[in-house]
Structure formats: structure tokens, C-alpha cells
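Here our numbering = 1-based position in the sequence shown + 3.
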Amino acid sequence: MQEKTFKQLLMSSNYYTLNKQIVKELGIESAFLLTILIEASDGLADNEGWFYQTIEKIGELTGLGRHKQDKIIKELIDLKILEQKNKGVPCKRYFKVNYGMIENLVFQNQQSSLSENSKLDCQKKTNYSVENRQTSLSENGNNKEYIINNLNKKLNHKEHNKSYECSEDLKRIKEWFKENKIDFSKKHENKIIELLKINSLGYLLKLFQEQIDILKNKPGVKNIAAIFSEHLFKGTVEINLKEIKRREIEQENLKNEEKKESENNEKYLEIFKGLSLEQQKKIELDILEKHNIKHFSELKNKSEFIYYRLISSFIFQELKEKGLI
């Protein structure tokens, strides 16, 4: 499944949509936090998929405290759904969502269950069909040979297509084509059956609708159905250039904000260094105790440069609270 589309499957622009299967596998709080991180990834991730998200921002969006966030993030990392690394000055948390692992962990069980149910349904329908035909054999002895041959042909045909005749997936996609005024030829049907073997119904409908929406909003497109079908057969997609541009602007704005934040922190560090040694020591102790990072004092002995940049944002808060800036 393509990463971009899989992200959109898990997101909603106006509401938080929690996938039932994810909630079942991870729990509601973990599913909620994962959804928040996926939203952030979609708008802020760099080319390698890494994005920056603060404890405060996650808390604002979810209502989860620092301790709860750390616990859930650790669980997601252990499941290899999430990666985390700290970088930058001051040090910041960067995350990367592993969409392939979400598919493997969450949807594999669901697909196995659906497959098993489909087999059971097929078995029931086939048994019922055979029973009816056996009744016909006993009632129509003169036509026995014809009926047997006809029965074998139909059963062979059913065996070939049972995965799709026993589900509503193909029927639902046909309805979608009709709703969007797109011809559903035999060629379309064969392609859809091929796609259904490796993709879920929900994923395909989401992808198809996204493509239709892009074509509807694209200037100069006269025959949406023809272009859609051409992409379907070639295995290509339309690109939303406006969305790409929007994300590029967001990325640039984020970089500018980080640069500005770094410059401000340097300015506050200069003010801090201008205080008496006693005041500096008092502020540092307050920071280490308040934020439960006493172990940072060991880092100070190794590299004061890194140490002060790690706590620079806390220094700003202390200076502001004490009326020193």
C-alpha cells in the first residue's frame, strides 16, 4: 500500500477518526496518540519521514500528560510502529511512523479473519448449490448427463471466482463506478479483481475517490472518466500539485520557526550568562528539579555547550517567570 494514501486512510481533516481495528489492537489512548502523530507526519515530515512534535503540543491535542505520552510512545517504539531520535540544538524529539508495520500488525489479523469468513460463506453457498442440483438430478433422470456436465462447468467457474463472488467488494466497486458515471467494462472488472487480491476495499475506494476529486478540480480536464480509466489500466495516479506546494510552504515555515527559536535561545543564554554565578546556579537547580532531569548535570561536565542548549528553552521560561526578561 502506498504510504501517502495509507496515511489518508487513517486521517480526517476536521475530526479525529479512530480506526476500529487499531483501537482493538493498541487500545484507545495509543490509537488516539498514533493518529495525532500521523496527522503531524502528513504535514510536517521531511523527505525521509521524520517530523518534530513537542510534549506540550501532543498534550494540547490529546489531553495526555508527559508520563502517559512517554509510556505510549515507548509501546509504539517496541512494536516498531514508531521510531524516535533526538537531534538539534536545543535537543528536540523527532518521530517517524512505520506505516508498513501498522499494516502488518493491525490489518493482518483482520484480513485473516475476513478470509476465513469468506471461505465459510463460500462453503455454505457451494453446499447449498450442490444440494439443489442433486435434487434436480433425482427428479430429472432423463437429463442426467446434461445436468452433470452443466453442474461441473458452473462449479469450476465458481471455484475460479469464489473469492470475489462470495464477497460484496466487487459489487461495491461497481456501484462506485456507476455513482461516478464511469463505464465498468470487462477490462475494468479484471483489473479490479487483480487489485482486490492485494488491497482492501476501503483502500481502493479511498484511492479512487482521491483521484476523482483531483481530476474534478484540475483545469482543462474534459473527460474525467476516460483519464481515470487510463490511470487505472496503466497503474498511474494524478498528482495534487497544490497539496505538494502547501506542504513545501509548511516545511519552509517550520524551518524558519526553528531557526528563529534557536536565535532567541542564544539571546536568552547571553542574558543568563550575564547574571551572577549564584543566580545562574539557582536557576539551573530549579530547572533540573522541576523537569526531573537531574542527570543532565553529568552532561555539563562533558560538554557545557550541549548542556546549555538542551535546557535553553527552560532557561527562557525561568527568566520570564522571574521577570528578568
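Ideal Cβ positions, reconstructed from N, Cα and C, are used throughout, including at glycine.
Item: Of the residues Asn107, Glu51, Ile58, the one placed nearest Ile39, counting alpha carbons only; Value: Ile58
Item: CA nearest to the CA of Ile84, picked from His70, Leu29, Asp45; Value: Leu29
Item: Continuous alpha helix (DSSP H) stretch holding Lys325: start and end; Value: It is not in any alpha helix (DSSP H) - Lys325 carries neither H nor E in the DSSP assignment.
Item: Pairwise C-alpha distance: Gln214 and Ile80; Value: 33 Å
Item: Glu261 - DSSP class collapsed to helix/strand/coil; Value: helix
Item: Closest Cα partner of Asn101 within the set Asp45, Ile61, Lys71; Value: Asp45
Item: Alpha helix (DSSP H) runs contained entirely in the segment 86 to 112, provided each spans 4 or more residues; Value: 102 to 105
Item: The alpha helix (DSSP H) enclosing Lys77, as first and last residue numbers; Value: 69 to 81
Item: Cβ distance (whole Å) where Gln56 is taken to contact Ala48 below 8 Å; Value: Going by Cβ atoms, the distance from Gln56 to Ala48 rounds to 10 Å, so no, they are not a contact pair.
Item: Unbroken alpha helix (DSSP H) run spanning Trp179, endpoints; Value: 172 to 182
Item: Alpha-carbon to alpha-carbon, Phe98 and Lys88; Value: 7 Å
Item: Three-way DSSP call (helix, strand, coil) for Phe35 in this model; Value: helix
Item: Rounded separation between Asn304 and Tyr271 - CA only; Value: 21 Å
Item: Runs of beta strand (DSSP E) lying entirely within the segment 204 to 264, each at least 3 residues, in chain order; Value: none
Item: Distance between Ile105 and Ile329 (C-alpha atoms, nearest Å); Value: Outside the modelled stretch of the chain, which goes from 4 to 328, sits residue 329, for which no answer is possible.
Item: Inside the segment 264 to 299 only - alpha helix (DSSP H) runs reaching at least 4 residues; Value: 280 to 293
Item: Which residues DSSP lists as bridging Phe54, in chain order; Value: Phe98
Item: Three or more C-beta pairs below 8 Å linking the segment 232 to 243 and the segment 275 to 293; Value: no
Item: Cβ distance (whole Å) where Ile274 is taken to contact Ile309 below 8 Å; Value: Wrong, their Cβ atoms sit about 20 Å apart, outside the cutoff.
Item: Under 9 Å between C-beta atoms of Ile286 and Leu322; Value: yes
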